[in-house]
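Undergrad: Line by line, the protein sequences give chains A and B.
Each residue of the first sequence is one higher than the last, beginning at 110 in my numbering.
Each residue of the second sequence is one higher than the last, beginning at 110 in my numbering.
Quick one: the structure is below, and I'll ask about it shortly.
Number of protein chains: 2
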Amino acid sequence: MKYDLSKKPTRGAQRTLEAFSKTMLELLSQKSFEHISVNEICDISNFPRATFYNYFDDKYDLVDYCWYTLAKEIQVDKVTKVESDRALIVYFDRLYDIFDKNKHLLNNILQNNQFSGQLVNSFINYFKNTMQKIFRKAIDYSKYDLPVELMADHCSDTVLLVLEWIFLRQQTTTQEQAHKYLDTLLN
Amino acid sequence: MKYDLSKKPTRGAQRTLEAFSKTMLELLSQKSFEHISVNEICDISNFPRATFYNYFDDKYDLVDYCWYTLAKEIQVDKVTKVESDRALIVYFDRLYDIFDKNKHLLNNILQNNQFSGQLVNSFINYFKNTMQKIFRKAIDYSKYDLPVELMADHCSDTVLLVLEWIFLRQQTTTQEQAHKYLDTLLN
DNA sequence: AAGTGACTTATACAAGTGTCTAAATTTGAA
DNA sequence: TTCAAATTTAGACACTTGTATAAGTCACTT
């Protein structure tokens, strides 16, 4: 990402960021990520290519920014060390809510993008990384005889696997059932 | 993949496939996947671009073929339904051997390719998919109250996580210790 | 209302991508 | 050994990519 997201964006930058990400999500509802070109994104957004490259390295970078905007709500900053086993469920539920809120968008995107494709891959990876960072800080693994990172990564793999099962492979599953799956897989 | 791997390749096709994959692996020991171009691969392999595109869709396709040649030895075809919990360990060990046999190659590749990059991602995904297919057939999950696919995917995620830990993140770990990790993570 | 710093834009460039054609070559079977 | 089928190749095409430069415009502060 060329643009620094840690500082507050000016109104103009906000407009630009939003235009590009909106266009990307629209295009993803129409065709596969592989067939979307930076030129096309710029034409539709009504910005010159130079502006695109002021903000993003490439289209992968833009799509990651799209996931970032979806994930904002997780409020990673509000992570605190939680001792109980329920910590995992808490963060699972936060992601569940986000995915559920955006399920129509996800459905549209899945019409044009296969599981095995780059797009779905980037989507899952984005949230896996987010969860990894959280779980390394938030969960107490002292009762396991394992490196912390390994355990944290295993938890985020599992959380994302269940969410993928529900929202991407579209296996109708209640949130309660999902909790049971998590419990079985991690104990 | 444009070329049909299920039929026996002619001697010429074998030569071509080997030349391209050898060049790719060599280049990966010298620079990052992102900086390798099809043009370069063809120049070094001494084949015209048209030939490259006779065999592969793009460089991603070629690198997948490279992993395919490494994985040949797993002998996926010799999969049989195994009831015992040891099935998982058996297949873990097969992959462990392959990774161990190629650890120098992996080390070289890791000099130029980050974890988060496309290359390592494609590597892990390739073997994850391979393991998924095997585990869906080979392991008996009847004692768990879960969809088979979910359980199989969870197992392959976990197997690959531990192998990644050892061979890509290079955390020195004995094979015995790895077995303990697997046991803790999956029970 | 002016000035400074941040953002936008026009334009050009060298390089890469994937596809296509038609000619040349190789291959395996008869 | 010959011939038809399959594969390889040269070359061209339209298009995309990422970078760089210099000029333009905007918007916030004082």
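Glycine included, every Cβ here is placed at the ideal spot set by N, Cα and C.
Looking only at its chain, what residues have a beta carbon closer than 7 Å to the beta carbon of Met133 (chain B), apart from the 5 residues adjacent to it on each side?
TA: Taking the first residue of the second sequence as position 1, residue 133 (chain B) is located at position 24. Excluding sequence neighbours, Met133 (chain B) sits near Ile150, Leu171, Val172 and Cys175.
Undergrad: Taking a cut of 9 Å between CB atoms, which residues from the region 246 to 264 of chain B lie near chain A?
TA: Cβ contacts with chain A come from Tyr253, Asp254, Leu255, Pro256, Glu258, Leu259, Met260, Asp262 and His263.
Undergrad: Do we get a CB-CB distance below 8 Å when we pair Leu219 (chain B) with the residues of chain A?
TA: What you label residue 219 (chain B) is simply residue 110 of the second sequence in a count that begins at 1. Chain A, which has no Cβ nearer than 8 Å to the Cβ of Leu219 (chain B), makes this no.
Undergrad: Assuming Ala128 (chain A) contacts Ser154 (chain A) under a Cβ cut-off of 8 Å, what Cβ separation, rounded to an integer in Å, is found between them?
TA: Locating residue 128 (chain A) in the first sequence gives position 19, where the first residue counts as 1. Locating residue 154 (chain A) in the first sequence gives position 45, where the first residue counts as 1. Indeed, because the Cβ distance is near 5 Å, the residues count as touching under 8 Å.
Undergrad: Which partner residues of Ile198 (chain A) appear in the DSSP bridge assignment?
TA: On the first sequence, residue 198 (chain A) is found 89 positions in, with the first residue counted as 1. Answer by DSSP bridge pairing: none, since Ile198 (chain A) is not bridged.
Undergrad: How would you list, in chain order, the residues of chain B whose beta-carbon sits under 8 Å from the beta-carbon of Tyr290 (chain A)?
TA: Numbered from 1 along the first sequence, position 181 holds the residue referred to as residue 290 (chain A). Here the neighbours are Leu255 and Leu259.
Undergrad: In whole angstroms, what is the alpha-carbon distance linking His288 (chain B) and Asn234 (chain A)?
TA: Walking along the second sequence from the start, residue 288 (chain B) turns up at place 179. Walking along the first sequence from the start, residue 234 (chain A) turns up at place 125. His288 (chain B) and Asn234 (chain A): Cα-Cα distance of roughly 26 Å.
Undergrad: Nearest CA to the CA of Thr239 (chain A): which residue from A:Ile275, A:Cys264 and A:Ser141?
TA: Counted from its first residue, the first sequence places residue 239 (chain A) at position 130. Of A:Ile275, A:Cys264 and A:Ser141, the residue nearest in Cα terms is A:Cys264.
Undergrad: Using a threshold of 8 Å, state whether the C-beta atoms of Thr125 (chain A) and Phe165 (chain A) are closer than that.
TA: Counting from one through the first sequence, the residue named residue 125 (chain A) turns up at place 16. Counting from one through the first sequence, the residue named residue 165 (chain A) turns up at place 56. For Thr125 (chain A) and Phe165 (chain A), no; Cβs fall outside 8 Å.
Undergrad: How far does the alpha helix (DSSP H) with Ser130 (chain A) in it extend, from its first residue to its last?
TA: For this step, residue 130 (chain A) is matched to residue 21 along the first sequence. Unbroken alpha helix (DSSP H) run through Ser130 (chain A): Arg120 to Leu137.
Undergrad: Against chain A, does Trp274 (chain B) count as a neighbour if the rule is that its beta carbon must be under 8 Å from one of theirs?
TA: Position 165 of the second sequence, counted from the start, is the residue given in the question as residue 274 (chain B). Closer than 8 Å: yes.
Undergrad: Quick check on this structure: which residue in A:Lys246, A:Asn211 and A:Ile198 has the alpha carbon closest to the alpha carbon of Gln286 (chain A)?
TA: The residue you call residue 286 (chain A) lines up with position 177 of the first sequence. For the residues A:Lys246, A:Asn211 and A:Ile198, the minimum Cα distance to Gln286 (chain A) belongs to A:Ile198.
Undergrad: Starting from Gln245 (chain A), trace the alpha helix (DSSP H) both ways and give me its first and last residue.
TA: What you label residue 245 (chain A) is simply residue 136 of the first sequence in a count that begins at 1. Checking the displayed sequence, the identity of residue 245 (chain A) turns out to be Arg instead of Gln. Run containing Arg245 (chain A): Gln227 to Ala247, per the alpha helix (DSSP H) assignment.
Undergrad: Report the neighbours of Leu270 (chain B) on chain A: residues whose CB is nearer than 9 Å to its CB, in chain order.
TA: Looking up residue 270 (chain B) in the second sequence gives position 161. The contacting residues are Leu259, Asp262, His263 and Asp266.
Undergrad: On the three-state DSSP scale, how would you describe Tyr251 (chain A)?
TA: Sequence index remark: in the first sequence, residue 251 (chain A) carries index 142 (1-based). The amino acid occupying residue 251 (chain A) in the given sequence is Ser; Tyr does not appear at that position. In this structure, Ser251 (chain A) counts as coil in the three-state DSSP scheme.
Undergrad: Which chain B residues sit within Cβ distance under 7 Å of Leu294 (chain A)?
TA: Your numbering for residue 294 (chain A) matches position 185 in the first sequence. Correct list: His263.
Undergrad: So the alpha helix (DSSP H) Met260 (chain B) belongs to, where does it begin and stop?
TA: In the second sequence, residue 260 (chain B) corresponds to position 151, counting from 1. Run containing Met260 (chain B): Val257 to Leu272, per the alpha helix (DSSP H) assignment.
Undergrad: When we look at the beta-carbon of Lys168 (chain A) and count the other beta-carbons within 10 Å, is it buried (16 or more) or exposed?
TA: For the purposes of this step, residue 168 (chain A) is identified with residue 59 of the first sequence, where counting begins at 1. Lys168 (chain A) should be labelled buried.
Undergrad: Who are the near neighbours of Glu135 (chain A) in its chain, counting only those whose CB is closer than 8 Å to its CB and skipping five residues on each side?
TA: Along the first sequence, read from residue 1 onward, the residue named residue 135 (chain A) stands at position 26. The answer, listed in chain order, is Ile153.
Undergrad: Might you give, ordered along the chain, the residues of its own chain that have their beta carbon closer than 7 Å to the beta carbon of Lys118 (chain B), omitting 5 neighbours on each side?
TA: On the second sequence, position 9 is the one that residue 118 (chain B) refers to. What sits at residue 118 (chain B) in the sequence shown is Pro, not Lys. Once the five neighbours on either side are set aside, the close Cβ partners of Pro118 (chain B) are Leu126.
Undergrad: If the criterion is Cβ atoms closer than 8 Å, does the pair Leu88 (chain B) and Asp266 (chain A) meet it?
TA: The first residue shown for chain B is 110 and the last is 296, placing residue 88 (chain B) beyond what the model contains.
Undergrad: Looking at C-alpha atoms only, which residue of B:Tyr162, B:Phe142 and B:Lys131 is the closest neighbour of Met110 (chain B)?
TA: Translated into the one-based positions of the second sequence, residue 110 (chain B) becomes position 1. The shortest Cα separation from Met110 (chain B) among B:Tyr162, B:Phe142 and B:Lys131 belongs to B:Tyr162.
Undergrad: Would you kindly report the start and end of the unbroken alpha helix (DSSP H) that includes Ser154 (chain A)?
TA: Position 45 of the first sequence holds residue 154 (chain A). Counting along the chain, the alpha helix (DSSP H) containing Ser154 (chain A) begins and ends at Val147 to Ser154.
Undergrad: Between Ile248 (chain A) and the rest of its own chain, which residues show a CB-CB distance below 6 Å, the 5 nearest in sequence each way excluded?
TA: As a first step, residue 248 (chain A) is located in the first sequence; it is residue number 139 there, counting from the start. So the qualifying residues of the chain are Ala196.
Undergrad: Do you know how far the Cα of Tyr112 (chain B) is from the Cα of Leu291 (chain B)?
TA: Counting from 1 along the second sequence, the entry for residue 291 (chain B) is found at position 182. Counting from 1 along the second sequence, the entry for residue 112 (chain B) is found at position 3. The alpha-carbon atoms of Leu291 (chain B) and Tyr112 (chain B) are separated by roughly 37 Å.
Undergrad: Mind reading off the beta-carbon distance from Ile243 (chain B) to Tyr200 (chain B)? Whole number of angstroms is fine, and I expect it under 8 Å.
TA: Residue 243 (chain B) sits at position 134 when you count from the first residue of the second sequence. Residue 200 (chain B) sits at position 91 when you count from the first residue of the second sequence. Their Cβ separation, rounded to whole angstroms, is 6 Å, which keeps Ile243 (chain B) and Tyr200 (chain B) in contact under 8 Å.
Undergrad: Check whether the Cβ atoms of Leu137 (chain B) and Asn221 (chain B) lie closer than 8 Å to each other.
TA: What you label residue 137 (chain B) is simply residue 28 of the second sequence in a count that begins at 1. What you label residue 221 (chain B) is simply residue 112 of the second sequence in a count that begins at 1. Going by C-beta atoms, Leu137 (chain B) is nearer than 8 Å to Asn221 (chain B).
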